[in-house]
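Q: Take a look at this one; I'll ask things after.
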Amino acid sequence: MKSFKTVTKLAVVGGAVVWLAQAALAGVPLNNLEGVGGVAFNPLAYVSGQNADTSSTNALSDVISKPQFGIWDVRLGKADVDWSALGASFTVLNRVELSYGYETIAIGDFFKGGPLQPIHKENVGAKVSLIPENWGGYAFVPAVSVGGIWKYTDKVIVGPHDQSVDYYAVATKLVTQTPLPLLLSAGALSSQEQVTGAAGFDSQRKVTGFANADVILPLSIAVGIEYKQGEKYSDFQNANYWDAHLAWLANKNLTLVAAYVNTGDYKVGDVKPFGLGEGVVLSAQYAF
């Protein structure tokens, strides 16, 4: 009887892990802070949305995925920053992801000069899946995508420009041969952003790297880390960003995220690189 219970528990846990792995292969469950299918800062190579509903009589459902939405709240206590974001995305022909993100950055005490009016930032993104995961039946082939994000901020605090376009390439692989599934992702970003564009955009363009790693645990939980390299211009230097996060896939539609984030040291004065300190991140994501 005891061995039967043990086998039953292992079967339930194993089934949960397999379900999570299949869910990850179906598409990315999150919209990042800029609305793109990814984690908090970085895009993933997977396109967003569920697969097209081929059982529907609506012709559009054969080519356009169901939409997904995400909300984020980032609290950076030392810099007195409340950073919130709303994002939405969907995918066409299971290949082209289109996204929109709207961010509001409330700064209570910028350089000790008193509170500023909230900054509003818009992001319009497009991602193209070039190589699907396990293409050609080869289990070692990652998903590979390229994309672009047009960004606009209504207040230029540092940079000389109020808008620019980011370009990126990213590869993502769900490794299922390990005891627990691993989701690994890395890419390169070409950008002019200053503080992700919230503070404006530089006249120079730099290429930086980013990466993510997540372990998919039983009970619909994923634990991971994220890294985003900061651009270093001659007149402004972004700090490196990183976070440690915990995601709970409550069901096939809803995902909840909690994270600790570090955006570099926050100090008053001419500090290089510029950071906004550390804080807490909360997010809720819903995919139809």
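End of the sequence shown sits at 374 in the working numbering; the numbers just go up one at a time, nothing left out.
No residue lacks a Cβ here, since even glycine has one placed at the ideal position from N, Cα and C.
Please return the same chain residues whose Cβ sits closer than 6 Å to the Cβ of asparagine 326, not counting the five positions on each side in sequence.
A: Around asparagine 326: Gln315, Gly316.
Q: Are the beta-carbon atoms of glycine 194 and aspartate 240 separated by less than 8 Å?
A: Not closer than 8 Å, so no.
Q: Quick check on aspartate 329: buried or exposed, where buried means 16 or more other Cβ atoms within 10 Å of its Cβ?
A: It is buried - the Cβ of aspartate 329 has at least 16 other Cβ atoms within 10 Å.
Q: Apart from the five residues just before and just after aspartate 168, which ones in its own chain have a Cβ nearer than 7 Å to its Cβ?
A: Only Arg161, Ala192 meet the Cβ criterion.
Q: Less than 8 Å between the C-beta atoms of leucine 270 and lysine 259, yes or no?
A: Going by C-beta atoms, leucine 270 is nearer than 8 Å to lysine 259.
Q: Return the Cβ separation of leucine 268 and alanine 299 in integer angstroms, given the expectation that the two are a contact with Cβ distance under 8 Å.
A: The Cβ separation is near 7 Å, so the contact holds.
Q: Going by the beta-carbon positions, is the gap between leucine 130 and glycine 123 smaller than 8 Å?
A: Against a cut-off of 8 Å, the Cβ pair of glycine 123 and leucine 130 comes out as a contact.
Q: Closest by CA to asparagine 339, which one among Gln371, Val261, Gly223?
A: Of the candidates Gln371, Val261, Gly223, the one whose C-alpha sits nearest the C-alpha of asparagine 339 is Gln371.
Q: Looking at the structure shown, is leucine 146 part of a helix, part of a strand, or coil, going by DSSP?
A: Three-state result, leucine 146: helix.
Q: I need the straight-line Cα distance from arginine 291 to aspartate 252, nearest angstrom please.
A: For arginine 291 and aspartate 252, the distance between alpha carbons rounds to 9 Å.
Q: To which residues does DSSP link lysine 83 through a beta bridge?
A: This structure leaves residue 83 out entirely; the chain is present only between 87 and 374.
Q: Tell me which residues share the same chain as leucine 172 and place their Cβ nearer than 6 Å to its Cβ, disregarding the 5 neighbours each side in the sequence.
A: These residues qualify, in order along the chain: Ile157, Tyr188.
Q: In the DSSP assignment, find the beta strand (DSSP E) that holds alanine 336 and state where it starts and stops.
A: No beta strand (DSSP E) contains alanine 336, which DSSP labels as neither H nor E.
Q: Just how far apart, CA to CA, sit lysine 207 and glycine 273?
A: The straight-line gap from Cα to Cα measures roughly 23 Å.
Q: Tell me, to the nearest whole angstrom, how far the beta carbon of glycine 223 is from that of aspartate 248; I am working on the premise that it is less than 8 Å.
A: Not a contact, Cβ separation roughly 47 Å.
Q: Tell me the residue span of the beta strand (DSSP E) that contains histidine 206.
A: Taken as a continuous stretch (DSSP letters only), the beta strand (DSSP E) holding histidine 206 covers 205-217.
Q: As a quick exercise: from Tyr186, Ile243, Leu275, pick the residue whose alpha carbon is nearest that of glutamine 203.
A: Of Tyr186, Ile243, Leu275, the residue nearest in Cα terms is Ile243.
Q: Return yes when the Cβ of glycine 363 is within less than 8 Å of the Cβ of threonine 341, no when it is not.
A: No, they are not a contact pair.
Q: I need the boundaries of the beta strand (DSSP E) containing alanine 255, first residue and last residue.
A: That run of the beta strand (DSSP E) goes 249-261.
Q: At which residues does the beta strand (DSSP E) containing tryptophan 236 begin and terminate?
A: From DSSP, the beta strand (DSSP E) with tryptophan 236 extends over 229-239.
Q: Measure the C-alpha to C-alpha separation of lysine 358 and isoleucine 217 and round it to an integer number of angstroms.
A: If you take the alpha carbons of lysine 358 and isoleucine 217, they lie about 39 Å apart.
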